[in-house]
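Below: the structure, in structure tokens.
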Amino acid sequence: MVRIVFSLLLVIHGLTHLLGFLNAWHLAAEDPINTDTLLRLQHAPLEVVGLAWGLSCVLFLAAALLFLLKKDWWWMMGLAAVLLSQLLIIACWADARYGTVANGIIMFSVLLAYGAWRFHRMVAAEVRAFYQPVPQKQEVLTEGMLLRLPPAVQKWLQRSSVVGQESIQAVQLKQTGEMRTKPNGAWMPVNAEQYVTVDTPGFLWVADVKAAPYLHLYGRDKYEEGRGHMLIKLLALFSVADAKGPETDQGSLLRYLAEMVWYPTAALCRYISWEGIDATTAKATMRYGAITAAGVFKFTEEGDVKSFQAQRYYSRKGGATLESWHVAIEGNSFRSFQGIRVPTRAAVTWQLLTGDFTWYRLQISDIAYNHRADASISREDKATPEAV
């Protein structure tokens with residue numbers, strides 16, 4: 001509805017500029033705009049001024065069409081239309097000044113669209129540099145490769161159906177969910193896409209968070225070469241978070257470790273070591289770059305992953321502190337993607353001294369493994385419901 005209303009504004013506002021064109025070319029029955037004022041200010045032939053009004057109309061109509069077609073560069077046409085329109089309005093202020101209101105609304109939308117366009121171009125460039133399609137077939141996992149792992153981890157990998165599958169080297173997933181920034185805060189809808197590399201551990205997570213009606217936060221969380229970097233921008237224009245440093249590096253590493261449940265063959269990677277605790281619990285330690293961190297995975301008796309818990313840095317005004325970070329897996333959410341059985345719903349909680357703070361609830365809607373030139377995450381046949 002908002003898209004249609006704004007498109008109508010562009011069209012109607014654009015068509016009002018035809019009055020200046022018709023008047024300049026003596027096609028109007030009466031003078032709706034005092035072009036004498038304009039001519040005295042601009043010292044330009046009347047017909048040229050009329051063409052400027054006509055061009056402004058065309059630009060607004062083109063912007064409306066591009067906006068309806070969801071072209072993210074519609075703002076370029078809109079910006080040109082607003083600038084030309086406002087110059088003409090200023091020159092004919094007495095008769096056309098009310099057009100400034102419409103131009104103000106359109107200009108605000110143009111700025112928002114520009115911010116989103118610039119943010120997504122930045123992210124697209126980062127994705128191209130970070131995530132490359134897997135060029136060839138990968139090593140196929142065998143039962144023997146699992147023998148060095150604790151029994152609980154072996155059972156999990158067998159339950160995940162990784163035996164006989166290629167080693168996962170690249171992951172692309174789509175995610176929806178809701179998050180909040182404080183324990184009693186309102187939940188905000190989230191749509192995200194994430195790229196993961198496994199041989200060299202890293203991820204790039206891009207999210208659109210609807211903080212309020214027409215108010216969005218754009219986020220990019222990155223873990224690359226052992227370094228983490230979280231960037232959040234309000235309306236894609238104003239930075240509200242730009243976190244980096246040792247605490248962020250540690251948090252990003254732990255996030256990668258916890259999210260291994262979506263790319264389970266990473267459990268065999270050289271940078272992860274395992275220690276069995278009991279029949280359904282194992283400790284995973286990840287060493288990469290300058291950071292070492294560990295967490296505990298709990299599994300069901302059947303071998304499904306149940307939860308992950310670790311000590312992770314929690315950002316506070318007075319400085320980050322180590323707190324208990326818990327990821328709970330929803331037991332009935334398992335699905336198979338390209339033959340790999342993984343959980344698709346989870347809740348992330350900070351277990352603080354003041355009480356539990358569940359800040360993120362997520363759902364995985366699609367996963368593509370070892371993406372190649374002939375594959376796409378949008379294919380409908382990759383995911384199958386878990387058979388009960």
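Residue numbering for the sequence shown follows my numbering, starting at 1 and increasing by one per position. Don't be surprised by glycine CBs; every beta carbon is placed ideally from N, CA and C.
Alpha-carbon spacing of Asn103 relative to Phe67, whole angstroms: As a working mapping, residue 103 is identified with position 103 in the sequence shown. As a working mapping, residue 67 is identified with position 67 in the sequence shown. Between Asn103 and Phe67, the C-alpha separation is close to 16 Å.
7 Å CB neighbourhood of Ala290 in its chain, flanking five on each side removed: As a working mapping, residue 290 is identified with position 290 in the sequence shown. Only Gly226 meet the Cβ criterion.
Between the CA atoms of Val342 and Glu275 - distance to the nearest angstrom: The residue given as residue 275 occupies position 275 in the sequence shown. The residue given as residue 342 occupies position 342 in the sequence shown. Roughly 22 Å separates the two Cα atoms.
Through-space distance from Pro246 to Lys283, alpha-carbon basis: In the sequence shown, the residue the question calls residue 283 occupies position 283. In the sequence shown, the residue the question calls residue 246 occupies position 246. Taking the straight line joining both Cα atoms gives about 22 Å.
Pick from Val82, Ala80, Leu83 and Ala63 that is closest to Trp74, judged by C-alpha positions: Counted from its first residue, the sequence shown places residue 74 at position 74. The residue with the shortest Cα to Cα distance from Trp74 is Ala63.
Burial state of Ser315 (16 or more Cβ within 10 Å): Locating residue 315 in the sequence shown gives position 315, where the first residue counts as 1. With fewer than 16 other Cβ atoms within 10 Å, it is exposed.
Where the alpha helix (DSSP H) through Thr76 begins and ends: On the sequence shown, residue 76 is found 76 positions in, with the first residue counted as 1. What sits at residue 76 in the sequence shown is Met, not Thr. Looking at the DSSP string, the run of the alpha helix (DSSP H) that includes Met76 is Trp74 to Ala91.
Span of the alpha helix (DSSP H) around Trp325: Along the sequence shown, read from residue 1 onward, the residue named residue 325 stands at position 325. No alpha helix (DSSP H) contains Trp325, which is instead part of the beta strand (DSSP E) from Thr321 to Ile329.
Pairwise C-alpha distance: Ala170 and Val198: Here residue 198 corresponds to residue number 198 of the sequence shown, with the count starting at 1. Here residue 170 corresponds to residue number 170 of the sequence shown, with the count starting at 1. Looking at the two C-alpha atoms, the distance is approximately 6 Å.
Sub-9 Å separation of Val190 and Ala207 beta-carbons: Along the sequence shown, read from residue 1 onward, the residue named residue 190 stands at position 190. Along the sequence shown, read from residue 1 onward, the residue named residue 207 stands at position 207. Result yes, Cβ atoms of Val190 and Ala207 sit closer than 9 Å.
Leu55 - DSSP class collapsed to helix/strand/coil: As a working mapping, residue 55 is identified with position 55 in the sequence shown. The answer is helix: DSSP assigns Leu55 an H, G or I state.
Among Gly251, Phe119 and Leu19, the one whose alpha carbon lies nearest that of Gly99: Position 99 of the sequence shown, counting from 1, holds the residue named residue 99. Looking at the Cα atoms, Leu19 is the closest of the given residues.
Pair within 9 Å by beta-carbon distance, Gly228 and Gln194: Numbered from its first residue, the sequence shown carries residue 228 at position 228. Numbered from its first residue, the sequence shown carries residue 194 at position 194. No, the Cβ-Cβ distance between Gly228 and Gln194 is not below 9 Å.
CA-to-CA distance, Ile106 to Ile329, given in whole angstroms: Counted from its first residue, the sequence shown places residue 329 at position 329. Counted from its first residue, the sequence shown places residue 106 at position 106. Their Cα atoms are separated by approximately 45 Å.
Where Thr37 falls: helix, strand or coil (DSSP): Sequence index remark: in the sequence shown, residue 37 carries index 37 (1-based). At Thr37 the pLDDT is 49, less than 50, meaning the model places this residue with poor confidence and gives no usable figure here.
Which of helix, strand or coil DSSP assigns to Tyr396: Nothing can be reported for residue 396, as the shown portion of the chain is limited to 1 through 388.
Entirely enclosed alpha helix (DSSP H) segments - the region 92-177, minimum 4 residues: 93-96, 99-130 and 151-159
N- and C-terminal bounds of the beta strand (DSSP E) containing Gly389: Any answer about residue 389 is impossible in this case: the structure gives the chain only from 1 up to 388.
Inter-residue CB distance, Trp156 and Val305 (contact presumed, cutoff 8 Å): Position 156 of the sequence shown, counted from the first residue, corresponds to residue 156. Position 305 of the sequence shown, counted from the first residue, corresponds to residue 305. Confirmed, Cβ separation roughly 6 Å.
First and last residue of the uninterrupted beta strand (DSSP E) at Glu193: By 1-based counting over the sequence shown, the position of residue 193 is 193. Met188 to Thr197 is the extent of the beta strand (DSSP E) around Glu193.
Cβ pair count under 8 Å reaching 3, the region 229-239 against the region 164-182: no
Opening and closing residue of the beta strand (DSSP E) in which Val296 lies: Within the sequence shown, residue 296 is the residue found at index 296, counting from 1. Ile291 to Phe299 is the extent of the beta strand (DSSP E) around Val296.
Rounded separation between Leu147 and Pro201 - CA only: Here the question's residue 147 lines up with position 147 in the sequence shown. Here the question's residue 201 lines up with position 201 in the sequence shown. The straight-line gap from Cα to Cα measures roughly 23 Å.
Identified DSSP bridge partners for Gly202: Mapped onto the sequence shown, residue 202 falls at position 202. The partner list for Gly202 (beta bridge, DSSP) reads Thr197.
Three-pair Cβ contact test at 8 Å for the region 258-271 versus the region 210-219: no
Own chain partners of Val110 with C-beta closer than 6 Å, once the 5 adjacent residues on each side are dropped: As a working mapping, residue 110 is identified with position 110 in the sequence shown. Counting only Cβ-Cβ distances below 6 Å, and skipping sequence neighbours, we find Trp75, Gly78 and Leu79.
Residue(s) in a DSSP beta bridge with Ile364: Reading the sequence shown from its first residue, position 364 is the one you call residue 364. Paired residues: Gln175.
Integer-rounded CB distance, given that Val162 should sit under 8 Å from Glu143: Taking the sequence shown and counting its residues from 1, the one referred to as residue 143 is at position 143. Taking the sequence shown and counting its residues from 1, the one referred to as residue 162 is at position 162. Going by Cβ atoms, the distance from Glu143 to Val162 rounds to 10 Å, so no, they are not a contact pair.
Sub-9 Å separation of Glu224 and Phe130 beta-carbons: If you number the sequence shown from 1, residue 224 lands on position 224. If you number the sequence shown from 1, residue 130 lands on position 130. Yes, the Cβ-Cβ distance between Glu224 and Phe130 is below 9 Å.
Val48 versus Trp93: straight-line alpha-carbon distance, rounded: Along the sequence shown, read from residue 1 onward, the residue named residue 48 stands at position 48. Along the sequence shown, read from residue 1 onward, the residue named residue 93 stands at position 93. Each residue's alpha carbon lies about 18 Å from the other.
C-beta atoms of Arg159 and Gly355 nearer than 9 Å: Within the sequence shown, residue 159 is the residue found at index 159, counting from 1. Within the sequence shown, residue 355 is the residue found at index 355, counting from 1. In this structure, Gly355 does not lie closer than 9 Å to Arg159 by Cβ.
Nearest-angstrom Cβ-Cβ length linking Leu204 and Val134, presumed shorter than 8 Å: Position 204 of the sequence shown holds residue 204. Position 134 of the sequence shown holds residue 134. The Cβ separation is near 16 Å, so there is no contact.
Check whether Lys174 and Ile340 have beta carbons under 9 Å apart: Position 174 of the sequence shown holds residue 174. Position 340 of the sequence shown holds residue 340. Not a contact, by the Cβ cut-off of 9 Å.
Pick from Gly14, Ile277, Tyr288 and His371 that is closest to Ala152, judged by C-alpha positions: Translated into positions along the sequence shown, residue 152 becomes position 152. Checked all of Gly14, Ile277, Tyr288 and His371; the closest Cα to Ala152 is Ile277.
Anticipated Cβ contact below 8 Å, Ala116 with Asp72, distance rounded: Looking up residue 116 in the sequence shown gives position 116. Looking up residue 72 in the sequence shown gives position 72. With 8 Å as the limit, Ala116 and Asp72 qualify as a contact, their Cβ atoms being about 7 Å apart.
Per-residue DSSP class, three states only, for Gly303: In the sequence shown, the residue the question calls residue 303 occupies position 303. Looking at Gly303 - three-state DSSP - the assignment turns out to be coil, as it is neither helix nor strand.
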